[in-house]
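Trainee: Okay, here's the structure, questions in a sec.
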Amino acid sequence: MKYIEPFRNGAIARKIARKITAETDPHRDYYLMEFCGGHTHAISRYGIPGLLPGNIHMIHGPGCPVCVLPMGRLENMIQLAQTPGCIVCSYGDMLRVPTAQGDNLLKQKARGADVRMIYSAADALQIAQQNPQQQVVFLAIGFETTTPPTAVVIRQAQMLGLTNFTVFCNHVLTPSAISHILQSPEIRELGLVRLDGFIGPAHVSTIIGSNPYAYFAEEFQKPVVIAGFEPLDVMQAILMLIRQLNTGRAEVENEFTRAVLPDGNIKAQRLVAEVFELRRSFEWRGLGAVPYSALRIKSRFAEFDAERRFALPVLSVPDHKACECGAILRGVKHPRDCSIFGTVCTPDNPLGSCMVSSEGACAAYYRYGRFREDDNDDVARTH
Amino acid sequence: MQKAGKRKPVYTRKLDFRHGRVEMAHGSGGRAMTQLVDQLFIAAFDNHYLRQMNDQACFPVGSGRMVMSTDCHVVTPLFFPGGDIGSLSVHGTVNDIVMSGARPLYLSAGFILEEGLPLADLKRIVESMAAAAQAIPVPVITGDTKVVEQGSGDGVFITTTGIGVVPDGVHISSERAKPGDKILVSGTIGDHGIAILLAREDFAFYGTLESDTAALHDLVAVMVQTAPDIHVLRDPTRGGIAAALNEIAHQSGVGMLLHEHCIPMKEQVGAVCEFLGFDPLYMANEGKLVAICAPQDADRLLDKIRTHPLGQNAAIIGEVIEDNHCFVQMETRFGGRRVVDWLSGDQLPRIC
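So, in structure tokens, the structure goes:
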């Protein structure tokens, strides 16, 4: 806690808040997107909106691993769970994401499927070693942060000569998603959504570094400030973005210098490059098909690819009609704008993926921010 | 539990508590069951109600209001730092009883044993349970044992039921929280939940943290003496103080405002939660209580709680406010404000 508490200091937060208030131009609005679910979570959990002036609007981006997983891939996971003799393993949040029929992996478990919640990819490998008679499938999801550990276990499985371990790879890439959002007609042509700048990912950037964001700053003239997941990191990044916007700059700045280097973690990047290759296109929930936005397992590791071993079909399943997750993930709508938010769709009974993970915009807003509904933001801000 | 007394034993060989295991026969009503009851349960819980060997315990009823509560105990692992399922099953029910301000009088115990459970483990659990009951003291006056086949249980499940009597003039109930009331907690939060987590082998964390499992009868007696008009008491077990306070807020039709910097928490608890992405507000406690009282009683009550061995880290953590939504809100240490919502499903670790 010694290295965390200093980044949660309330007195410093108020100092930065005063600076932000003093430096914002009261005659304009600032629309800032935090790409990562980790930031969304921090903003909600620490009540950051209450410290910001009313003309700064935080837009929650699509950086929540379970939120962007398309329904078709989820159906594939359910199929795997139903396969006799198969143990499926995944990270906690993944187990609760509902299919169109309201099914999920935990419900499959209750019906007898062998579904294991794991804390790291290495746990899945261990389960495979302990259960040689069964097929163990690791449902791998996540952005660049969780990809290197998956690469490690695939390599280890090959070295160990395991024949009962496969990975269902759903790893996706951050920069392509940001490009896709910036190129969307709503933002570029129609101007329906204003987006002035980005808070860049924390953990993802420790792997890929700060260089990949230079393209957005340059091409789209949007400032990017890479920030850590602690609340003071977020506050400081907002201040840095305001300063860039006020002076007409669009640069990549790094607030998270204690962990992010310009080139990132080269060793991790090499590992990923050894095991994975780009998919030509991958469907994202909310964003649709995004070119070169995801990874698949290279053919030299084909025996560990669940898609090949189980010949999983490519399914395209539309979202629930009333669910606005898609628009919310693109920043076009706020959770409040969704007609089923907090009524039909709640964390206890989520219909859309954004309501599942604590990093999802809807769940974060429902869990931490609902008191602002009637209060309106200004009342909350006086505290 | 079939009762047996000073009669000639129906068995010749002693139970092998060192190497023996629970068998289906221990629940089938025959000699093996009688032997288990005699040599383990009656030996451990010994009291005159049990010695009467009836299928029920007969006791006199005093005047006043009685309270009754039942609690099922399932925990993995059965033994954890600071306690085990045996002591937990006594503390859990006694605490539920005393949260009404009552004095606990009697307990009953039901055991569901899984075939194959080492008798040594069962003995350790029953003796721990008896020690916990005697320390209060509250006798276990009746009980029952069943055995299920291997694979149908998790070693042992224990259900305890308790009866107590509420002193005159005490009316503690969860619909009595009023705007302006103060919210107190008797010590650090999340100790039990995190101790159990650390005790599970699938976590590669190690720590010295112990469960806070304890009976709160004496603390409550002292509190009720100091401030008989305590409005609400609740032991924040499963779901932690977040669940307890949300329940009270709804039952009383009020809101609450907590101050994060006032909530006592051990550093280890904070660190483990941080690592796994858990929120300590939702972690279980087994030896803590939340009290809600009128503002004029709060400081006096807090001082008194702090003089008790089980309340040294007590604190006033917030106040009851008017709110039609019945939200529990918290002013974060950081200076912002957020809702402390009900828990949805189990707490799940974050991915990235």
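Protein chains in written order, with the numbering used here: chain A, 3 to 385; chain B, 1201 to 1552.
Ideal Cβ placement from N, Cα and C applies to all residues, glycine included.
Because the structure is a prediction, the values reported are computed rather than measured.
Mapping the DSSP letters down to three states, classify GLN1529 (chain B) as helix, strand or coil.
Mentor: Translated into positions along the second sequence, residue 1529 (chain B) becomes position 329. Three-state result, GLN1529 (chain B): strand.
Trainee: Please confirm whether ILE22 (chain A) has its beta-carbon closer than 7 Å to some beta-carbon of chain B.
Mentor: One-based indexing of the first sequence puts residue 22 (chain A) at position 20. Not closer than 7 Å to any Cβ of chain B, the Cβ of ILE22 (chain A) fails to qualify, so no.
Trainee: For the region 1508-1539 of chain B, which residues have a beta carbon sitting closer than 9 Å to at least one beta carbon of chain A?
Mentor: Hits within the stretch, in order: ASP1523, ASN1524, HIS1525, PHE1527, GLN1529, MET1530, GLU1531, THR1532, ARG1533, PHE1534, GLY1535, GLY1536, ARG1537, ARG1538, VAL1539.
Trainee: In the DSSP output, which residue or residues are listed as bridge partners for LEU1408 (chain B)?
Mentor: As a first step, residue 1408 (chain B) must be located in the second sequence, where it is residue number 208. For the sequence presented, residue 1408 (chain B) should be read as Thr rather than Leu. BP columns for THR1408 (chain B) are empty, so no partner.
Trainee: Please report whether the beta-carbon of SER1352 (chain B) lies at a distance below 7 Å from any beta-carbon of chain A.
Mentor: Your numbering for residue 1352 (chain B) matches position 152 in the second sequence. By this cut-off, SER1352 (chain B) is not an interface position.
Trainee: Determine the chain A residues that contact SER1544 (chain B) at a beta-carbon separation under 7 Å, and present them in chain order.
Mentor: Your numbering for residue 1544 (chain B) matches position 344 in the second sequence. What SER1544 (chain B) touches in chain A: PRO349, ASP350.
Trainee: Along the region 49-61 of chain A, where does the CB come closer than 8 Å to a CB of chain B? Name the residues.
Mentor: From the region 49-61 of chain A, only GLY49, ILE50, PRO51, GLY52, LEU53 have a Cβ closer than 8 Å to chain B.
Trainee: Which bits of chain B does SER46 (chain A) rub up against, with CB to CB less than 8 Å?
Mentor: Within the first sequence, residue 46 (chain A) is the residue found at index 44, counting from 1. By Cβ distance, chain B contributes ARG1538.
Trainee: Classify PHE200 (chain A) as buried or exposed, calling it buried when 16 or more other Cβ atoms lie within 10 Å of its own Cβ.
Mentor: Your numbering for residue 200 (chain A) matches position 198 in the first sequence. Looking at its Cβ environment, which holds 16 or more other Cβ atoms inside 10 Å, PHE200 (chain A) is buried.
Trainee: Kindly say whether ASP1391 (chain B), judged by its beta-carbon, lies nearer than 7 Å to any beta-carbon of chain C.
Mentor: As a matter of chain content, chain C is missing from the structure shown, whose protein chains are A and B.
Trainee: With PRO1436 (chain B) and LYS1488 (chain B) assumed to form a contact (beta carbons below 8 Å), what rounded beta-carbon distance in angstroms separates them?
Mentor: As a working mapping, residue 1436 (chain B) is identified with position 236 in the second sequence. As a working mapping, residue 1488 (chain B) is identified with position 288 in the second sequence. PRO1436 (chain B) to LYS1488 (chain B), Cβ: 6 Å. Contact.
Trainee: Given that PRO388 (chain A) touches chain B, what residues does it touch there, using C-beta distances under 7 Å?
Mentor: Residue 388 (chain A) cannot be examined here, being either before or after the span of chain A that is shown, 3 to 385.
Trainee: Contact between the region 1360-1367 of chain B and the region 1305-1323 of chain B is defined here as three or more beta-carbon pairs at a separation below 8 Å; is this criterion met?
Mentor: Yes: the two stretches touch, three or more of their Cβ pairs being nearer than 8 Å.
Trainee: Return helix, strand or coil for ALA229 (chain A), following the three-state DSSP convention.
Mentor: What you label residue 229 (chain A) is simply residue 227 of the first sequence in a count that begins at 1. Here ALA229 (chain A) sits in coil by DSSP.
Trainee: On the DSSP letters alone, give me the boundaries of the alpha helix (DSSP H) that TYR1306 (chain B) sits inside.
Mentor: The count along the second sequence starts at 1 and reaches residue 1306 (chain B) at position 106. Unbroken run through TYR1306 (chain B) is the beta strand (DSSP E), 1303-1314; no alpha helix (DSSP H).
Trainee: Tell me, please, whether the CB atom of ASP1541 (chain B) is closer than 7 Å to any CB atom in chain A?
Mentor: Within the second sequence, numbered from 1, the residue matching residue 1541 (chain B) stands at position 341. Chain A contact via Cβ: present.
Trainee: Which of the three DSSP states, helix, strand or coil, is assigned to PRO349 (chain A)?
Mentor: Looking up residue 349 (chain A) in the first sequence gives position 347. In this structure, PRO349 (chain A) counts as coil in the three-state DSSP scheme.
Trainee: I'd like to know if TYR33 (chain A) contacts chain B, where contact means its C-beta is closer than 7 Å to some C-beta of that chain.
Mentor: In the first sequence, counting from the first residue as 1, residue 33 (chain A) sits at position 31. By this cut-off, TYR33 (chain A) is not an interface position.
Trainee: Against ARG10 (chain A), what residues of chain B qualify as contacts under a CB-to-CB distance less than 9 Å, listed in chain order?
Mentor: As a first step, residue 10 (chain A) must be located in the first sequence, where it is residue number 8. By Cβ distance, chain B contributes THR1532, ARG1533, PHE1534.
Trainee: Note down the Cα distance separating ILE1505 (chain B) from ASP1499 (chain B), rounded to an integer number of angstroms.
Mentor: The sequence position of residue 1505 (chain B) within the second sequence is 305, counting from 1. The sequence position of residue 1499 (chain B) within the second sequence is 299, counting from 1. Straight-line Cα distance between these residues: approximately 10 Å.
Trainee: Could you tell me the alpha carbon to alpha carbon distance between SER186 (chain A) and ALA291 (chain A), rounded to whole angstroms?
Mentor: To locate residue 186 (chain A), count along the first sequence from 1; it is residue 184. To locate residue 291 (chain A), count along the first sequence from 1; it is residue 289. Cα to Cα, SER186 (chain A) sits roughly 12 Å from ALA291 (chain A).
Trainee: Mind checking which residues open and close the beta strand (DSSP E) that includes GLU1519 (chain B)?
Mentor: Position 319 of the second sequence, counted from the start, is the residue given in the question as residue 1519 (chain B). Its beta strand (DSSP E) spans residues 1515-1521.
Trainee: Determine whether the Cβ of ARG196 (chain A) lies closer than 7 Å to any Cβ atom of chain B.
Mentor: In the first sequence, residue 196 (chain A) corresponds to position 194, counting from 1. Judged by the 7 Å Cβ criterion, ARG196 (chain A) is not in contact with chain B.
Trainee: On the DSSP bridge assignment, give the partners of GLN1451 (chain B) in chain order.
Mentor: One-based indexing of the second sequence puts residue 1451 (chain B) at position 251. GLN1451 (chain B) pairs with nothing; no bridge assigned.
Trainee: Have a look at GLY1286 (chain B) and ILE1517 (chain B) and give me their C-alpha separation to the nearest angstrom.
Mentor: Within the second sequence, numbered from 1, the residue matching residue 1286 (chain B) stands at position 86. Within the second sequence, numbered from 1, the residue matching residue 1517 (chain B) stands at position 317. Each residue's alpha carbon lies about 32 Å from the other.
Trainee: Looking at the unbroken beta strand (DSSP E) that takes in MET60 (chain A), where does it start and where does it end?
Mentor: Along the first sequence, one-based indexing puts residue 60 (chain A) at 58. Unbroken beta strand (DSSP E) run through MET60 (chain A): 58-65.
Trainee: Taking CB distances under 7 Å as the criterion, tell me whether ARG372 (chain A) reaches chain B.
Mentor: For this step, residue 372 (chain A) is matched to residue 370 along the first sequence. Yes, ARG372 (chain A) counts as interfacial toward chain B.
Trainee: Sorted by chain position, which residues of the same chain lie with C-beta nearer than 7 Å to ARG311 (chain A)'s C-beta, five sequence neighbours on each side aside?
Mentor: Counting from 1 along the first sequence, the entry for residue 311 (chain A) is found at position 309. Excluding positions up to five away in sequence, the list reads THR168.
Trainee: Distance check for VAL334 (chain A) and ARG251 (chain A), CA to CA, integer angstroms please.
Mentor: Taking the first sequence and counting its residues from 1, the one referred to as residue 251 (chain A) is at position 249. Taking the first sequence and counting its residues from 1, the one referred to as residue 334 (chain A) is at position 332. Their Cα atoms are separated by approximately 25 Å.
Trainee: Alpha carbon to alpha carbon, how far is PHE1279 (chain B) from ARG1231 (chain B)? Give it in angstroms, no decimals.
Mentor: The residue you call residue 1231 (chain B) lines up with position 31 of the second sequence. The residue you call residue 1279 (chain B) lines up with position 79 of the second sequence. Distance between the alpha carbons of ARG1231 (chain B) and PHE1279 (chain B): 29 Å.
Trainee: Any idea if ARG1400 (chain B) is buried or exposed, counting beta-carbon neighbours within 10 angstroms, 16 or more meaning buried?
Mentor: Translated into the one-based positions of the second sequence, residue 1400 (chain B) becomes position 200. Per the 10 Å Cβ criterion, exposed.
Trainee: Taking just the CA atoms, how far does LYS1378 (chain B) sit from TYR294 (chain A)?
Mentor: Stepping through the first sequence from its first residue, residue 294 (chain A) is reached at position 292. Stepping through the second sequence from its first residue, residue 1378 (chain B) is reached at position 178. Cα-Cα distance, rounded: 58 Å.
Trainee: Straight-line CA distance for SER122 (chain A) to TYR93 (chain A)?
Mentor: Position 120 of the first sequence, counting from 1, holds the residue named residue 122 (chain A). Position 91 of the first sequence, counting from 1, holds the residue named residue 93 (chain A). Using only the alpha carbons, I get a separation of about 8 Å.
Trainee: Please identify the residue among A:GLY211, A:THR165, A:SER212, A:GLY74 whose C-alpha is closest to the C-alpha of VAL316 (chain A).
Mentor: The residue given as residue 316 (chain A) occupies position 314 in the first sequence. When only C-alpha atoms are compared, the closest one is A:GLY74.
Trainee: In terms of alpha-carbon separation, which member of A:LEU34, A:CYS325, A:TYR370, A:ASP27 lies closest to ALA2 (chain A)?
Mentor: Residue 2 (chain A) falls outside the range modelled here, since chain A spans only 3 to 385, and no answer is possible.
Trainee: Touching or not, the region 1444-1453 of chain B and the region 1368-1377 of chain B, by the rule of three or more beta carbon pairs under 8 Å?
Mentor: In short, these stretches touch, since the Cβ pair count reaches three.
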